[in-house]
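Each residue of the sequence shown is one higher than the one before, starting from 1 at the first, in the UniProt record's numbering. Positions of the beta carbon are idealized from the N, C-alpha and C atoms, including for glycine.
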Amino acid sequence: MSGMARENLVRIEEIQGRGRAIVSSQPLRGGEIVLRDSPILLYSAFPLNGQQLQFSTSIYCDNCFRKLQSASAPLSCPSCSQHRFCSPNCLSVSIASSHNTWVCHALSHLRDCPYLVLHQPMERQIQARFLIAAYNLALVSPSNFQILSSLQGHGEDKDAVAAQFLHSVISSLCPPPSIEGFLFSLELTSALLAKDKLNAFGIMEPVDFNKENCGQRSVRAYGIYPKASLFNHDCLPNACRFDYVDNAPDRNTDVIIRMIHDVPQGREICLSYFPVNENYSSRQKRLLEDYGFTCECDRCKVEANWSDQEDNGGDDDDEENEAMEEDHDEPMVEKAASEYETDFPTLISS
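Encoded structure:
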């Protein structure tokens with residue numbers, strides 16, 4: 001897309017059996033950007049104790065999550081020295097919001113909790129990071145917390161166990177300050193974890209073609225993107241997501257949704273929630289366990305009738321098919337980076 005982006009390319013509609021959905025308001029072209037969305041909440045994807053994975057969490061700025069340049073000395077949080085920042089601006093912004101006094105103390109207490117960092121899976125530590133960020137959002141931006149609360153989410157029995165544990169730890173070590181209209185409770189903790197599970201986007205580590213496993217990307221951070229979370233899943237998506245965490249000149253934690261191919265007016269715009277090279281059985285299992293639904297897209301209707309041997313045949317084509325993953329559409333990256341100065345479409349409700 002060049003020049004000014006057209007307004008109102010997509011709209012929100014209710015689709016029977018699918019709930020809220022993003023639908024094209026006019027014919028869209030392959031490569032066209034339909035949404036740029038900023039996070040209302042960000043949190044690190046690393047464990048509280050970085051030594052567990054034999055790396056230091058300080059290689060990234062704890063505000064913008066850009067990779068810290070080895071040639072420059074990063075700035076540290078004056079209170080805990082555990083969190084580092086790429087610039088005075090990121091430090092000051094973070095201290096005033098996402099890493100304020102309560103967050104700093106809360107993360108320090110959790111980091112010193114042996115039962116959490118030594119005897120719980122890494123996932124539990126990441127969930128603890130999310131909860132601290134979410135509780136803090138209620139303190140620093142009640143309006144964004146209301147947006148977070150409005151997102152969809154569903155819990156399961158196993159999630160209830162995690163919620164009970166994390167609520168107990170946080171309430172005993174670092175309960176959030178009391179504010180009007182915010183009730184810190186087990187019910188809220190459970191609801192927040194359910195919304196995180198269903199709506200969080202991973203901010204991906206950029207591909208490094210000089211590394212041995214250059215096709216494998218890890219998650220650097222997670223974010224809640226209210227508009228982007230409205231896109232439904234399809235195992236053959238017509239749109240994909242991009243992030244430019246190290247390369248964007250500003251708003252580097254935004255996500256960009258770009259069309260893979262042309263679609264007519266009135267077509268639902270869908271992403272794939274994970275790499276499209278997974279076979280039918282794996283996709284169905286993952287969607288049911290993580291998102292609570294059984295996929296009945298056109299691809300699944302066809303592959304449901306395949307034999308087990310046919311279903312497993314796609315696993316050998318990982319490198320070829322990974323290009324279709326929502327985070328891996330590399331041929332468009334150079335073009336997309338050059339368009340960063342353009343305006344982006346707005347999302348409207350029908």
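Taken through DSSP and simplified to helix, strand or coil, His-233 comes out as strand. Per DSSP, the beta bridge partners of Phe-85 are Leu-75.
Contact between the stretch 6 to 22 and the stretch 263 to 272 is established, with three or more Cβ pairs separated by less than 8 Å.
In the three-state scheme derived from DSSP, where H, G and I count as helix and E and B as strand, Ser-70 is classed as coil. With respect to the C-alpha of Asn-136, the residue from Ala-163, His-119, Leu-107, Gln-152 having the closest C-alpha is Leu-107. For the options Leu-110, Met-122, Arg-299, Cys-61, the alpha carbon positioned closest to that of His-167 is the one of Leu-110. Judged by DSSP secondary structure, Ser-150 falls within the alpha helix (DSSP H) whose first and last residues are 142 to 150. In this structure Gly-223 is not in contact with Ala-194, their Cβ atoms being roughly 17 Å apart against a cut-off of 8 Å. If you look at Arg-36, you'll find it in the beta strand (DSSP E) that goes 33 to 37. Under DSSP, Met-122 takes part in no beta bridge, so it has no partner.
In the DSSP assignment, the residues bridged to Leu-42 are Gly-223.
Bridge partners of Glu-268 according to DSSP: Val-23. For Ala-221 and Pro-249, the gap between their C-alpha atoms comes out near 18 Å.
With a cutoff of 8 Å on beta-carbon distance, Asp-62 and Asp-254 are scored as not near each other.
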